[in-house]
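Chemist: All residue numbers for the sequence shown refer to this note's numbering, where the first residue is 286 and numbers rise by one.
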Amino acid sequence: MAKPEIVFLCRECGGESLRWAGRCPHCGEWNTLEEYKPGPRRAGRRSSLKAGTERSLAVPVPVTEVDLGAFERRPLEWDEVNRVLGGGVVPGSLLLLGGEPGIGKSTLLMHLASQVAKTGSTVLYSSGEESAQQVSLRARRLGVALPDLLLLAETDLEAIVDSIAHTKPALAVVDSIQTVQDPGIEGAPGSVVQVREAAGRLLRVAKDTGIPIVLVGHVTKEGAIAGPRLLEHMVDTVLYLEGDRGNDFRILRAQKNRFGSTDEIGIFAMGESGFHEVPDPSAHLLSDVGAVPGTAVVAAMEGSRPLLLEIQSLVSYTQFPMPRRAATGLDVNRVHMIVAVLEKRARLALAKMDVLVNVAGGVRVQETAADLGLALAIAGSLRDRALPADTVCLGEVGLAGEVRRVSRLERRLQEAARRGFRHAIVPPGGAVPAWAVGMKGSEVKDLAQAVEVAFGPGLQAAG
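1. Just grab the DSSP bridge partners of Glu655 for me.
2. Would you call Asp731 buried or exposed, if buried means 16 or more other Cβ atoms sit within 10 Å of its Cβ?
3. Exposed or buried, which one is Val374 when buried takes at least 16 other CB atoms within 10 Å?
4. Report yes if the C-beta distance between Glu319 and Arg304 is below 8 Å; otherwise report no.
5. Distance, Cα to Cα, Leu431 vs Glu357?
6. From Ala746 to Leu633, what does the alpha carbon distance come to, in whole angstroms?
7. Where DSSP assigns a beta bridge to Arg590, which residues make up the other side?
8. Count the CB pairs spanning the segment 580-591 and the segment 650-666 that are closer than 8 Å, and state whether there are at least three.
9. Rounded to a whole number of angstroms, what is the C-alpha to C-alpha distance between Phe534 and Gly469?
10. Do the segment 659-678 and the segment 701-708 meet, that is, are 3 or more Cβ pairs less than 8 Å apart?
11. Considering Val738, what are the terminal residues of the alpha helix (DSSP H) in which it resides?
12. Pull up the CB-CB distance for Ser399 and Val429, whole angstroms please, since I reckon it's below 8 Å.
13. Smallest Cα separation from Ser378: which of Leu488, Pro454, Lys629 and Gly528?
14. What is the rounded straight-line gap between the Cα of Val369 and the Cα of Leu381?
15. Buried or exposed for Phe740, please, with buried defined as at least 16 other CB atoms from any protein chain shown within 10 angstroms of its CB.
16. Given a threshold of 16 other Cβ atoms within 10 Å of its Cβ, counted over all protein chains shown, does Leu593 qualify as buried or as exposed?
17. Taking three-plus beta-carbon pairs below 8 Å as touching, is the segment 437-444 in contact with the segment 460-469?
18. Alpha carbon to alpha carbon, what distance is there between Val624 and His569?
19. Got a sec, what are the start and stop residues for the alpha helix (DSSP H) Glu482 sits in?
20. Identify, in the order they occur along the chain, each residue of the same chain with its Cβ nearer than 8 Å to the Cβ of Gly556, setting aside the five sequence neighbours on each side.
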């Protein structure tokens, strides 16, 4: 049966349908099917299973006999990036870096490209959004302009592939994948078919040549990388650069990593000369912490590294029938749960109160170990009482009001003791280790007891 002249592609998942429908049959998203006229197929490798044809075949080999040869990671100058990647860049890997506009994706990659070029290796930086003069101007402003850093202002896919084949760089950067276009395929740059074909072609180039290629991806208003979801499945590593543009801190997080952990993060600070590493983020995030009502310090684990973070809360009376609950850096659904538990189990009157929560420094907390600190910050703001400045809170809060033990408690307490904290409010069984000289631990079994230990008796009655 002849292939139809018109098909419909889903811009979310890249799925193909023979007819238009309001809902994609592959991923279930609504209003995502777009009309596409496929061009003639390119000549490719054909199966030898037909008609007894013979051709050279790739011979399977045992996994234990694969010759790794010089297949080694290339460590970068910044340990924060190596931490996220799992030790360095893997040869032949395809990486995707996403982030909001203006967050610093191109600046970060310019730094990393210069670090590779410093070793005497060639780096190809292809930009489809800026001219070579604009990229050069940014490189000079950052102080990373090097002769081995080659610039290419091009959007044509074939020209980019030819440049990679000609220069044979140690690292190639394509900024961005949404601007790359294959003239032989119908569709505007950034369309589903163009992004899919460009990424697939660059993936084959990376695997065939052993050259690692980094793609820059735009993000949608929901925070996901623009283009078909297939793009994230094709690449080896998906990185997100996060942060508040009004704040100097940036966090590099791996959402997918075939060659390392997805739990690690790298923390950077943005200055006039670009990025620089923040090896001790707790010292920067807690530099201005004091005994202020509505604040609490928690120790959150990001991968294998504990971070001391300040949770801020503002509780105020509202005359509107629906109190507002807002959170920055925390899951707002978690905030709703903690507010309900405080009112039910700790008898704090929050039904007519607006509750606003923020994590200082633009950091996002994704684990439940911050529950106790969040609850005490809200309770302290309600009654205008402050936790001592040298107190750290650790524990997960359940719906029954119980305080549960968290993982790697000793490692968290070690970081708190190193930063000078002398009191820890912890769940049962979370005794402070003997090596934490000068630190006192208060074990609490439920939220009501935690409020009493933190602020003294009478807070529930006053609430």
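Yeah, the Cβ is synthetic: ideal placement off N, Cα and C, and Gly gets one too.
Modeler: Concretely, from the data shown:
1. Inspection of the sequence shows that residue 655 is occupied by Ala rather than by Glu. Ala655 pairs with nothing; no bridge assigned.
2. buried
3. buried
4. no
5. 25 Å
6. With a pLDDT of 48 at Ala746, under the threshold of 50, the predicted position of this residue should be treated as unreliable, though the coordinate-derived value follows. In a straight line, the C-alpha of Ala746 is about 8 Å away from that of Leu633.
7. Glu587
8. yes
9. 42 Å
10. yes
11. Leu732 to Phe740
12. 3 Å
13. Leu488
14. 13 Å
15. buried
16. buried
17. yes
18. 29 Å
19. Val477 to Thr494
20. Asp533
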